[in-house]
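Undergrad: Okay, handing you the structure first.
Numbering (my numbering), first residue to last: 1 to 425.
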């Protein structure tokens, strides 16, 4: 079988490494891929993740048997629609279903209509009206750009002034272009956050192992929001009882709502949850595998990934056994110092053979046989162990065996989870 994966980050590297465990797969192409993924797949750097016509032509020319569209942008632009029309079976939602992430206004309205628990909210296209609403609500309060903003379009404002500045930056200064022309302002929720990725074929939902993301750039959950500085799985705050409640009140109702709206969702639906004192609530939906959640969840999958993906495409997920290991996993992201703001890149990356086997490369390029840094988040190092404590320790040990100039990582990935685990014991 020949496979094609669209995307070029750590998430895609994790998907490719997992797919490669299936001996029936003879070739995997990654469009565009990156310098690190090149060790595990044939990268096609000249075809970008959003260049859908070129992807379709490539798939036809190379007789691709199955395609995986991983990032949000091509999904929202209709990559799955175009590939499917060309006769190439695909993993991922079509354009109509991908709107669940592409428009926060759509997802909030969907939850309101179908009674799915989430924070109360209002939508605005006028900055003055939004600021007046902020005055009436007070702080802390959350300001979100309606459209896709690389995970950076959410501001948890601690003061009214900060919230108003975020609104003006989005609506008036167009900080996120058209994505911020409309803003969602919602109540601030409190409680542990949980990420749950799920496989779904539009009828059946199979949640994967829960995880905990670390979005802030600095230790102690300080500093600006990033795409994610590390993850652990499973999340100790997410108990069996909470999982059952989420299935009944959030997961199944969401899938049924999308079907009722004529937008059946097939692929990976990511539920960003907050465990509030009033029960679990939805913070956000993503229409794809999370990054870096994928880097801890897929290493724990003991079933064949390709078979599960094909079952979501074919509508046969209920017939497939999806099993996960009882181990724990920890991923530490190594970034360029200064990320998510200004940083320098182009530095050589060196790592031990052992570390390389546990690494998912995100922002790196090949230059004359050397691997060089080429992004904010350079790579993630994942360790799997029988306990969370061991996984965290091992991930940091392996991280110390990776080196590049201006290397930066948080030193407290997993600390919050370990504290929560101790509380429950």
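Glycine is no exception: its CB is placed at the ideal position from the N, C-alpha and C atoms. Bear in mind that the values here come from a model prediction, so they are computed numbers and not experimental data.
If you drop the 5 nearest sequence neighbours on each side, which residues of the same chain put their C-beta closer than 6 Å to that of residue 155?
TA: If we look at residue 155 and ignore the five residues flanking it on each side, its Cβ neighbours are 143, 166.
Undergrad: Quick one: what's residue 367 bridged to in DSSP?
TA: Bridge partners of residue 367: 370.
Undergrad: Pull up the DSSP beta-bridge partners for residue 212, would you.
TA: 232.
Undergrad: Cβ of residue 485 within 9 Å of Cβ of residue 287?
TA: The chain is shown only over 1 to 425; residue 485 falls outside these bounds and no answer can be derived.
Undergrad: What did DSSP end up calling residue 49 once you bin it into helix, strand or coil?
TA: Reduced to three states, the DSSP call for residue 49 is coil.
Undergrad: Are the CB atoms of residue 115 and residue 94 within a distance shorter than 9 Å?
TA: No, they are not a contact pair.
Undergrad: Do residue 335 and residue 301 have their beta-carbon atoms positioned less than 9 Å apart in this structure?
TA: Their beta carbons are not under 9 Å apart, which means residue 301 does not touch residue 335 by this criterion.
Undergrad: CB-CB under 8 Å to residue 285, same chain, minus the five flanking residues each way: which ones, in chain order?
TA: Correct list, in chain order: 100, 101, 107, 254, 269, 270, 271, 272.
Undergrad: In three-state terms, what does DSSP make of residue 180?
TA: In this structure, residue 180 counts as helix in the three-state DSSP scheme.
Undergrad: Could you tell me the distance, in whole angstroms, from the CA atom of residue 213 to the CA atom of residue 10?
TA: If I take the Cα positions, the gap works out to 15 Å.
Undergrad: Following a CB-centred definition, is residue 379 positioned closer than 8 Å to any heavy atom of the ligand COA?
TA: The ligand COA is absent from the structure shown, which contains no ligand whatsoever.
Undergrad: Which first and last residues belong to the alpha helix (DSSP H) in which residue 294 is found?
TA: Its alpha helix (DSSP H) spans residues 294 to 297.
Undergrad: With the cut-off set at 9 Å, would you say residue 134 and residue 171 are in Cβ contact?
TA: No.
Undergrad: Would you check if the distance between the CB atom of residue 332 and the CB atom of residue 395 is smaller than 9 Å?
TA: Yes, the Cβ-Cβ distance between residue 332 and residue 395 is below 9 Å.
Undergrad: Would you report the Cα separation of residue 373 and residue 404, rounded to the nearest angstrom?
TA: For residue 373 and residue 404, the distance between alpha carbons rounds to 8 Å.
Undergrad: Our contact map puts residue 390 next to residue 351 with C-beta atoms below 8 Å; I'd like the distance itself, whole angstroms only.
TA: Rounded, the Cβ-Cβ distance is 21 Å, inconsistent with contact.
Undergrad: Can you tell me the Cα-Cα spacing of residue 120 and residue 232, whole angstroms?
TA: Looking at the two C-alpha atoms, the distance is approximately 29 Å.
Undergrad: Within 9 Å of any Cβ in chain B, is that where the Cβ of residue 369 sits?
TA: Note that chain B does not occur in the displayed structure, where there is just one protein chain.
Undergrad: Who are residue 92's beta bridge partners in DSSP?
TA: BP columns for residue 92 are empty, so no partner.
Undergrad: What does DSSP give as the partner residues of residue 193 in its beta bridges?
TA: DSSP lists 274 as partners of residue 193.
Undergrad: Give, in chain order, every unbroken run of the beta strand (DSSP E) that is at least 3 residues long and sits entirely within the segment 291 to 352.
TA: Correct list: 328 to 336.
Undergrad: DSSP three-state label for residue 238, please.
TA: Residue 238: coil per DSSP, three-state reduction.
Undergrad: Among all the DSSP beta bridges, which residues are the ones paired with residue 381?
TA: 332, 359.
Undergrad: Counting along the chain, where does the beta strand (DSSP E) carrying residue 4 start and finish?
TA: From DSSP, the beta strand (DSSP E) with residue 4 extends over 2 to 7.
Undergrad: Within a Cβ cutoff of 7 Å, which residues of the same chain sit near residue 251, ignoring the five residues on either side of it in sequence?
TA: Taken in chain order, the residues that qualify are 198, 205, 207, 271.
Undergrad: Unbroken alpha helix (DSSP H) runs of length 4 or more, entirely within the segment 15 to 71: which are they?
TA: List check, alpha helix (DSSP H) in window: 52 to 61.
Undergrad: Distance check for residue 256 and residue 409, CA to CA, integer angstroms please.
TA: Cα-Cα distance, rounded: 40 Å.
Undergrad: Quickly, what does DSSP pair residue 268 with across the bridge? List them, please.
TA: Beta-bridge pairing links residue 268 to 199.
Undergrad: Check for me: the alpha helix (DSSP H) holding residue 140 runs from which residue to which?
TA: Premise fails: residue 140 is in no alpha helix (DSSP H) and is neither H nor E.
Undergrad: Using only the alpha-carbon positions, how far apart do residue 283 and residue 7 sit?
TA: Straight-line Cα distance between these residues: approximately 25 Å.
Undergrad: Report the option in 43, 71, 72, 110 whose CA atom is closest to the CA atom of residue 58.
TA: Nearest option by C-alpha distance: 43.
Undergrad: Can you tell me whether residue 413 is helix, strand or coil according to DSSP?
TA: DSSP places residue 413 in coil when its eight states are reduced to three.
Undergrad: Between residue 63 and residue 56, what straight-line distance do the alpha-carbon atoms span, to the nearest angstrom?
TA: For residue 63 and residue 56, the distance between alpha carbons rounds to 10 Å.
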